[in-house]
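S.K.: Quick note: the sequence shown uses my numbering, first residue 529, plus one each step.
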Amino acid sequence: MNLTLYPLGEYVQLLDKLGQLAAPLPDKLELERTVELVSYNSKEVVPGTLFICKGAHFKAEYLTDAARRGAFAYVSENAYSDVDLPCILVRNMRRVMAPLAVKYYNDPSQKLKVIGITGTKGKSSTAYYLKYILDEYLGPKGQTCGVISSIDTWDGVERFESHLTTPEPLELQKHFAHALASGMEYLVMEVSSQALKYHRTLGTRFAAAAYLNIGTDHISPIEHPDFEDYFRSKLKIFAQADFSCVNLDCDHGEEALSAAQSACGTVLTFSRHNPSASVYGSEVRKVGDDILFQVDAAQLSGQYRLTMPGLFNVDNALAAISVCLGLGIPLETVQAGLARACVPGRMEVYSNALGDVTAIVDYAHNRMSFETLFRSVKQEYPGRRIVTVFGCPGKKAFDRRRDLGEVSGANSDLVVLTEEDSGEEDTLSICKEIASHVACECRIEPNRGEAIRQAVLSCTVPSVILITGKGAETRQKRGLEYIDTPSDVEYAQAFLQEWDTQRGR
529 MNLTLYPLGE
539 YVQLLDKLGQ
549 LAAPLPDKLE
559 LERTVELVSY
569 NSKEVVPGTL
579 FICKGAHFKA
589 EYLTDAARRG
599 AFAYVSENAY
609 SDVDLPCILV
619 RNMRRVMAPL
629 AVKYYNDPSQ
639 KLKVIGITGT
649 KGKSSTAYYL
659 KYILDEYLGP
669 KGQTCGVISS
679 IDTWDGVERF
689 ESHLTTPEPL
699 ELQKHFAHAL
709 ASGMEYLVME
719 VSSQALKYHR
729 TLGTRFAAAA
739 YLNIGTDHIS
749 PIEHPDFEDY
759 FRSKLKIFAQ
769 ADFSCVNLDC
779 DHGEEALSAA
789 QSACGTVLTF
799 SRHNPSASVY
809 GSEVRKVGDD
819 ILFQVDAAQL
829 SGQYRLTMPG
839 LFNVDNALAA
849 ISVCLGLGIP
859 LETVQAGLAR
869 ACVPGRMEVY
879 SNALGDVTAI
889 VDYAHNRMSF
899 ETLFRSVKQE
909 YPGRRIVTVF
919 GCPGKKAFDR
929 RRDLGEVSGA
939 NSDLVVLTEE
949 DSGEEDTLSI
959 CKEIASHVAC
969 ECRIEPNRGE
979 AIRQAVLSCT
989 VPSVILITGK
999 GAETRQKRGL
1009 EYIDTPSDVE
1019 YAQAFLQEWD
1029 TQRGR
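In structure tokens:
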């Protein structure tokens, strides 16, 4: 990756233009010196680094280490007098990190077609639907579409399991730069409310933005204090987009549409209920294991097929089709891409030998996605006993503990509560809090593998086991570390086989 490097003075001018300089510049600042790297990871520092002090867990020793490794200046909201480096004092670190990252990585989203997707549920599925469509479109050119999602990241250079829905600014702009250097034309990404609220995507140009829906999630003292803050954060994406796509069927849809029209020149709409939408879906039906539906959308009108289970996925497909309508992707390409599309860890279905015990692994993790999942499961597996296995993450979205407890208790015959990225909180305490809201039979088993095993082996009648929250992920957050673990997919397959073995099947 060949980047044009700039002198420190240009970064200072950028901060001054943003109105973020909080104090006169120190005399020792080498404004003519070339910035070789911008980083907030002291372990990455090389001579000529402009170091950024950020984060709730930042320690002065990180800056000391950065100075020892060759940093020649630092940007911070606080000066550290014990460290012999000139400080560029700024007013708001969250507002300066993204512009500094965009500068260092040469503003890659101006050349790369980045598609941003936001919403309370459906971001991952929509992102992967678009990736499959664009892979189909780019295949003859020998290209693929990049992806940055809550599931994984692929930028043409790096491929790994994700921990954040939307990365911090330096990582994000690096992924864009990698994609460009690798010859990519398109990259599709999930954009979280936190990323928009705290300016991680500031300076990113979205070739298209898709707004899926809004529910109550991420309401907590350390995320969004109330729904209004959450909703306003989501709407910020429109101001960064060349064109936007809005779901007319979601709650507050008219407000979202009005915000998009005010912020963005071109707005496309999609709906299953409003025939006047730019992309209108109808005649949704199951044919065998597939889902068929009709679309009225100018040059993309026709019949479409999804081979992924979950009738609710039609909404995500309509979002992807609306983006493709704006991008000018051909009909046959969109149809073929959607027919091939699958999402790792999303609505993955596994059954025992006779099919009377079925496990569904899914990322559902908030009230909106839980309600949608239960509606779909009851429609597709009528009369079956329902067992739900899940947990809630530590130190975030505290309302989920009540919401998921209530929804699972109202729709399950058995709920098994377990670990789900507890982080710095105690898993048992989290589970007990959720359990206080569960109205059906409820068990607590902090070991996730054992929880899934108990759920599977408890089945004595035809059952569906919903294993939610982690999908295909292979790590658990414990404390501040991510620990390798088997995925829910691996657990489900192993314990369904054990169920059959115990019965001589």
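From the three backbone atoms N, C-alpha and C, an ideal C-beta is built for every residue, glycine too.
For residue 878, write down the residues that DSSP places opposite it in a beta bridge.
M.R.: For residue 878, which the question treats as bridged, DSSP gives the partners 887.
S.K.: Excluding the five sequence neighbours on either side, which residues of its own chain have a C-beta within less than 8 Å of the C-beta of residue 982, listed in chain order?
M.R.: Within the same chain, residue 982 has close Cβ partners 944, 971, 973.
S.K.: Do the region 660 to 678 and the region 790 to 802 make contact, defined as three or more Cβ pairs closer than 8 Å?
M.R.: Short answer: they don't touch.
S.K.: Quick check on residue 596: buried or exposed, where buried means 16 or more other Cβ atoms within 10 Å of its Cβ?
M.R.: It counts as exposed.
S.K.: Could you name the residues of the same chain whose beta carbon sits closer than 8 Å to that of residue 649, not counting the 5 residues immediately before and after it, in chain order?
M.R.: Around residue 649: 740, 741, 743, 892, 894, 896, 897, 900.
S.K.: Is the CB of residue 706 under 7 Å away from at least one CB in chain C?
M.R.: Here there is only one protein chain, and chain C is not present.
S.K.: What residues in its chain sit with their C-beta under 6 Å from that of residue 580, if we drop five residues either side in the sequence?
M.R.: Correct list, in chain order: 568, 603.
S.K.: I'd like the list of long-range same chain contacts for residue 996, defined as Cβ closer than 6 Å, with 5 residues on each side in sequence excluded.
M.R.: Answer for residue 996: 890, 892, 918, listed in chain order.
S.K.: What separation, rounded to the nearest whole angstrom, lies between the Cα atoms of residue 883 and residue 1001?
M.R.: Those two C-alpha atoms are separated by around 25 Å.
S.K.: Just how far apart, CA to CA, sit residue 715 and residue 631?
M.R.: Cα to Cα, the separation comes out at about 20 Å.
S.K.: Inspect the beta-carbon positions of residue 684 and residue 712 and report whether they are closer than 7 Å.
M.R.: Their beta carbons are under 7 Å apart, which means residue 684 touches residue 712 by this criterion.
S.K.: Can you list, in chain order, the residues of its chain with a C-beta nearer than 6 Å to that of residue 831? Leave out the 5 residues immediately preceding and following it.
M.R.: Around residue 831: 822.
S.K.: When you compare the region 634 to 647 with the region 950 to 970, are there three or more beta-carbon pairs, one atom per stretch, that lie closer than 8 Å?
M.R.: In short, these stretches do not touch, since the Cβ pair count stays below three.
S.K.: The alpha helix (DSSP H) that contains residue 896, what's its start and end?
M.R.: Segment 895 to 908, the alpha helix (DSSP H) holding residue 896.
S.K.: Report, in whole angstroms, the separation of the C-beta atoms of residue 989 and residue 913, which I expect to be a contact under 8 Å.
M.R.: That belief holds up - the Cβ atoms of residue 989 and residue 913 are roughly 5 Å apart, short of 8 Å.
S.K.: May I ask you to report which of helix, strand or coil DSSP gives residue 621?
M.R.: Residue 621: helix per DSSP, three-state reduction.
S.K.: Mind checking which residues open and close the alpha helix (DSSP H) that includes residue 773?
M.R.: From DSSP, residue 773 is part of no alpha helix (DSSP H) but of the beta strand (DSSP E) over 771 to 775.
S.K.: Compare the Cα-Cα distances from residue 833 to each of 623, 947, 756, 661 and report the closest residue.
M.R.: Considering only alpha carbons, the answer is 661.
S.K.: Would residue 816 be called buried (16 or more neighbouring beta carbons within 10 Å of its own) or exposed?
M.R.: The residue is exposed, with fewer than 16 neighbouring Cβ atoms inside 10 Å.
S.K.: Can you name the start and end residues of the alpha helix (DSSP H) that residue 495 belongs to?
M.R.: No answer is possible for residue 495: it lies beyond the span of the chain, which begins at 529 and ends at 1033.
S.K.: Starting from residue 852, trace the alpha helix (DSSP H) both ways and give me its first and last residue.
M.R.: Where residue 852 is concerned, the enclosing alpha helix (DSSP H) stretches over 841 to 855.
S.K.: Taking just the CA atoms, how far does residue 852 sit from residue 1006?
M.R.: Taking the straight line from one Cα to the other gives about 40 Å.
S.K.: Count Cβ pairs between the region 700 to 710 and the region 862 to 876 that sit closer than 8 Å; are there 3 or more?
M.R.: Contact fails: fewer than three Cβ-Cβ distances are below 8 Å.
S.K.: Just verifying my parser: in three-state terms, what is the DSSP assignment at residue 937?
M.R.: Helix.
S.K.: In the DSSP assignment, find the unbroken alpha helix (DSSP H) run with residue 786 in it and report its ends.
M.R.: 781 to 791 is the extent of the alpha helix (DSSP H) around residue 786.
S.K.: Verify whether the separation of the beta carbon atoms of residue 909 and residue 1021 is less than 7 Å.
M.R.: Contact flag unset, no.
S.K.: Round the Cβ separation of residue 800 and residue 810 to the nearest angstrom and send it over; I've been treating them as touching at under 8 Å.
M.R.: Indeed they touch by this definition, with Cβ atoms about 7 Å apart.
S.K.: Which whole-angstrom value is the C-beta distance of residue 885 and residue 991, which I expect to be below 8 Å?
M.R.: Indeed they touch by this definition, with Cβ atoms about 5 Å apart.
S.K.: Mind checking residue 658: buried by the 16 CB within 10 Å criterion, or exposed?
M.R.: Buried, since its Cβ has 16 or more Cβ neighbours within 10 Å.
S.K.: If you follow the alpha helix (DSSP H) that residue 762 is in, where does it begin and where does it stop?
M.R.: Run containing residue 762: 755 to 763, per the alpha helix (DSSP H) assignment.
S.K.: Which ranges does the beta strand (DSSP E) cover as unbroken runs of at least 3 residues, wholly within the region 698 to 743, from first to last along the chain?
M.R.: Runs of the beta strand (DSSP E) inside the region 698 to 743: 714 to 718, 734 to 739.
S.K.: According to DSSP, which residues form a beta bridge with residue 566?
M.R.: Paired residues: 578.
S.K.: Give me whichever residues DSSP pairs with residue 1034 in a beta bridge.
M.R.: Past the boundaries of the shown model lies residue 1034; the chain is included only from 529 to 1033, so the question cannot be answered.
S.K.: How long is the line joining the alpha carbons of residue 921 and residue 560, rounded to whole angstroms?
M.R.: Cα to Cα, residue 921 sits roughly 46 Å from residue 560.
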